[in-house]
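Numbering (this note's numbering), first residue to last: 99 to 226. All C-beta atoms, glycine included, are put in the ideal place defined by N, C-alpha and C.
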Amino acid sequence: MKEKKDSTFRAHKKLDVWKEAIVLAADIYKVTDDFPKSELYGITSQMRRAAVSVGSNIAEGAARSGKKEFTQFLNVAGGSLSELDTQLEISFKLGYVSNDKRKTLDTKIGNVAQMLAGLIKWAKKSRE
99 MKEKKDSTFR AHKKLDVWKE AIVLAADIYK VTDDFPKSEL YGITSQMRRA AVSVGSNIAE
159 GAARSGKKEF TQFLNVAGGS LSELDTQLEI SFKLGYVSND KRKTLDTKIG NVAQMLAGLI
219 KWAKKSRE
């Protein structure tokens, strides 16, 4: 199959925010490995799905042809990031995550959120 020269396929791999979201998702998988087995279908699953959703929505948005659609998917990614932030706090309150690990992940979540906000701002401005 001949590849298009101007294709948006895999364009997401050039985005720093996508790269950071992937690292964050991997970190969440590692942290949740230590959660109680009784949480496998509870908060463990929720956190993993939210973390994976961030990078996945960035990728899906980057593959779309218009900035408006791209922005919509970035907003969904931001929503998933907020879910993850909440779930991390709950996990800390339940004693599943140490304070040090929570701070580290909180910083990473904040960095991804800041990068997402910047990309959303750029996408909105470039639509005008």
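- One Cα belongs to Ile141, the other to Lys191, and the distance between them is close to 12 Å.
- Counted as a single uninterrupted DSSP element, the stretch harbouring Ala161 is not any alpha helix (DSSP H), since DSSP gives it neither H nor E.
- The beta carbon of Val174 sits closer than 6 Å to those of Asn155, all from its chain and outside the five residues before and after it, given in chain order.
- Around the beta carbon of Tyr139, a 10 Å sphere encloses fewer than 16 other beta carbons of the protein chains shown; the residue is thus reported as exposed.
- Where Ala123 is concerned, the enclosing alpha helix (DSSP H) starts and stops at 114 to 130.
- When the Cα atoms are used, Asp132 and Tyr194 turn out to be separated by approximately 8 Å.
- By the Cβ test, the region 161 to 173 is not in contact with the region 198 to 208, since fewer than three Cβ pairs between them sit closer than 8 Å.
- A direct Cα-to-Cα measurement between Ile126 and Ser196 gives close to 13 Å.
- DSSP places Gly176 within a helical segment (H, G or I) once states are collapsed to three.
- Apart from sequence neighbours up to five positions away, the residues of its chain that approach Val150 with a beta-carbon distance below 8 Å are Ala123, ordered along the chain.
- Nearest to Glu137 by C-alpha distance, out of Ala221, Gln185, Lys219, Trp220, is Gln185.
- Between Asp183 and the set Leu214, Gly208, Lys117, Trp116, the nearest pair of CA atoms involves Gly208.
- For the set Ile188, Gly216, Lys135, Asp198, the Cα lying nearest the Cα of Gly176 is the one of Gly216.
- The Cβ neighbour count for Ile188, taken over all protein chains shown within 10 Å, is under 16; the residue is labelled exposed.
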